[in-house]
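Residues in the sequence shown are numbered consecutively from 6, following this note's numbering.
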Amino acid sequence: MNIFYQLIGFGALIAMGLSYWQNDKRTILLWQVVANLIFAIHYTLLHACSGALCSFFQIVVLLLFLLQEKFNWSKLVTAIPIVAVFLLIAVVTYETPVTVLPIVASLAALLPFFQSRRRVIQVAGIASGLSWLVYVIAVRSYSGMVTESVLTIITAASLLKKETRKP
């Protein structure tokens, strides 16, 4: 059965990859919702509870920020309950320090919603990616390992490329 679980994870990887090829924000977010739903199923099958709950809740986060833009809610008002729920997930699913890593990753991934500086967003992406990478190695999610390795390397290369251009 583990091979089937891993194939589901690779389906999530494909959906996430497709999200980066979309032209408009709504379609990008839709594909990311699909990817998070598939990853949530994948982590549930692997008995990786904190990863599954974070992936499920990430769907809500994506939808909330989409609504926040549509209705022009305060970003802080939107973020406070999101942070509270992630902290609740940390408390409920805590087994070892590794089980907290998806929460750390998810909280770091919120930073782009409050920050427009590219460098800060990239550093947050690297921190998020590395946190997820350690977690997926621990829960043996091969698709997660591929996803986080590729995204973290691309983000780090982009950050380094920008840094080497400056005098």
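Yeah, the Cβ is synthetic: ideal placement off N, Cα and C, and Gly gets one too. Predicted, not measured: the structure shown is a model, and the values here were computed from it.
Throw me the rounded Cβ distance for the residue i and residue j pair, which I believe falls under 8 Å.
i           : j           : result
residue 60  : residue 41  : 5 Å
residue 116 : residue 129 : 4 Å
residue 203 : residue 18  : No statement about residue 203 is possible, as the shown extent of the chain runs from 6 to 172 and does not include it.
residue 67  : residue 34  : 5 Å
residue 13  : residue 43  : 6 Å
Terminal residues of the continuous alpha helix (DSSP H) containing residue i?
i           : result
residue 53  : Note, residue 53: premise wrong, no alpha helix (DSSP H); not H, not E.
residue 127 : 123-144
residue 112 : 106-115
Does DSSP classify residue i as helix, strand or coil?
i           : result
residue 153 : helix
residue 101 : coil
residue 25  : coil
residue 11  : helix
residue 91  : helix
residue 1   : Residue numbering for the chain in the displayed model covers 6 to 172; residue 1 lies beyond these limits and cannot be assessed.
> Along the chain, which unbroken stretches of the alpha helix (DSSP H) at least 4 residues long are found entirely within the region 31-89?
Replying inline: 54-76
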